[in-house]
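Novice:
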Amino acid sequence: MERLQKVIAESGYCSRRKAEELISSGKVSVNGSIVSELGTKVSGDDIILVENNPIKKEDKVYYLLNKPRGVVSTVDDEFDRKKITDLIDTDKRIYPVGRLDYDTTGIIILTNDGELANILMHPSKSVEKTYVAKLNKVITPKDQMILKSGVKIDDVKCIPTRVKVKNVDTKKDTCLVEITIVEGRNHIVKRVFESLGYLVDKLTRTEYAFLRLDNLKSGEYRELTTKEVKKLYEYKR
Numbered sequence: 017m018e019r020l021q022k023v024i025a026e027s028g029y030c031s032r033r034k035a036e037e038l039i040s041s042g043k044v045s046v047n048g049s050i051v052s053e054l055g056t057k058v059s060g061d062d063i064i065l066v067e068n069n070p071i072k073k074e075d076k077v078y079y080l081l082n083k084p085r086g087v088v089s090t091v092d093d094e095f096d097r098k099k100i101t102d103l104i105d106t107d108k109r110i111y112p113v114g115r116l117d118y119d120t121t122g123i124i125i126l127t128n129d130g131e132l133a134n135i136l137m138h139p140s141k142s143v144e145k146t147y148v149a150k151l152n153k154v155i156t157p158k159d160q161m162i163l164k165s166g167v168k169i170d171d172v173k174c175i176p177t178r179v180k181v182k183n184v185d186t187k188k189d190t191c192l193v194e195i196t197i198v199e200g201r202n203h204i205v206k207r208v209f210e211s212l213g214y215l216v217d218k219l220t221r222t223e224y225a226f227l228r229l230d231n232l233k234s235g236e237y238r239e240l241t242t243k244e245v246k247k248l249y250e251y252k253r
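If you count the sequence shown from 1, position 168 lands on 184 in the numbering used here, and the numbers rise without skipping.
#1: Buried or exposed: where does Pro70 fall if 16 or more other Cβ atoms within 10 Å of its Cβ makes it buried?
#2: What is the rounded straight-line gap between the Cα of Ser41 and the Cα of Val179?
#3: Take Ile125 as the anchor and find which of Tyr118, Ile104, Glu210 has the nearest alpha-carbon.
#4: Do you know how far the Cα of Leu136 is from the Cα of Cys30?
#5: Across the segment 83-99 and the segment 43-53, are there enough close Cβ pairs to call them in contact, namely three or more that are closer than 8 Å?
#6: According to DSSP, is Tyr224 part of a helix, a strand, or is it coil?
#7: Does the Cβ of Met209 have 16 or more other Cβ atoms within 10 Å, making it buried, or fewer, making it exposed?
#8: Which residues does DSSP pair with Ser45 in a beta bridge?
#9: Using three-state DSSP, classify Pro176 as helix, strand or coil.
#10: Who are the Cβ neighbours of Asn134 in its own chain at under 8 Å, not counting the five residues just before and after it?
#11: Is Lys246 helix, strand or coil by DSSP?
#12: For Cys174 and Glu199, which I take to be in contact (beta-carbon distance under 8 Å), what is that distance rounded to the nearest angstrom?
#13: Assign Val172 to one of two classes, buried (16 or more other C-beta atoms within 10 Å of its C-beta) or exposed (fewer than that).
Structure representation (structure tokens):
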């Protein structure tokens, strides 16, 4: 017997957090009866419907994608824009682990493993994400120090684990800054720099946990190895 939300997440339908929302809102039935109590346990013989869709376990898949600009990090889009799931050739129902903005490029994981997705996105796990930001002007030494000590965004302090100026173009008055954070708030990197008076002209996520883009070109992807998946699961501790 397993918890209903775990079974739904492991089916690849959605993350565990989303499964809990669906259960609480009465959109899940077991053997023909609506179940809205979190923690309800089910067996492999039970018939589970989520939003009238039958749930069954499927093989887990894990992809690492170099997201291009102009692609949304969702599985559905009301404006019919290109989605990152359109870039991966699979018959599995996959979804991104977290999001990257429409105009942000770089590394993102897609999977149908709801449990792993929930682990990696949970704030308490402190998964590091590294970005390279091109700023509209050269960052000052003073602002570098402020950035390293942390800035408040919506009254919550964001403290990067690493800040490094990678390149400075004094003629064009621009620079590239590498920043590593553990946060997952929306637009957090752009907002951090904006709080200091800088605009981010381009933003690329170059690392996620221990994973790097390496030789993946824009729009290309690869499957994660079994060793990499096991290492990501170590964040569960």
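For glycine and all other residues, C-beta sits at the position ideal for the given N, C-alpha and C. Bear in mind the structure is a predicted one, so any value in this text is a computation, not a measurement.
Specialist: The short version:
#1: In the sequence shown, the residue the question calls residue 70 occupies position 54. Classification of Pro70: exposed, given that the 10 Å Cβ count is below 16.
#2: By one-based count along the sequence shown, residue 41 stands at place 25. By one-based count along the sequence shown, residue 179 stands at place 163. Straight-line Cα distance between these residues: approximately 42 Å.
#3: Within the sequence shown, the letter at position 109 stands for residue 125. Residue Ile104 is the option with its Cα nearest to Ile125.
#4: Counted from its first residue, the sequence shown places residue 30 at position 14. Counted from its first residue, the sequence shown places residue 136 at position 120. Their Cα atoms are separated by approximately 14 Å.
#5: no
#6: In the sequence shown, residue 224 corresponds to position 208, counting from 1. Strand at Tyr224.
#7: Against the sequence shown, residue 209 aligns to sequence position 193. It is Phe, not Met, that sits at residue 209 in the sequence shown. So Phe209 ends up on the buried side.
#8: Position 29 of the sequence shown, counted from the start, is the residue given in the question as residue 45. Its beta-bridge partners are Ile50, Leu65.
#9: Indexing the sequence shown from 1 puts residue 176 at position 160. Reduced to three states, the DSSP call for Pro176 is coil.
#10: Here residue 134 refers to the residue found at position 118 when the sequence shown is read from its first residue. Cβ within range, chain order: Ala25, Ser31, Arg32, Arg33.
#11: The residue labelled residue 246 in the question sits at position 230 within the sequence shown. Correct three-state label for Lys246: helix.
#12: Here the question's residue 174 lines up with position 158 in the sequence shown. Here the question's residue 199 lines up with position 183 in the sequence shown. The beta carbons of Cys174 and Glu199 sit about 6 Å from each other, so the pair counts as a contact at 8 Å.
#13: Walking along the sequence shown from the start, residue 172 turns up at place 156. By the neighbour-count rule (16 or more Cβ atoms within 10 Å), Val172 is not buried but exposed.
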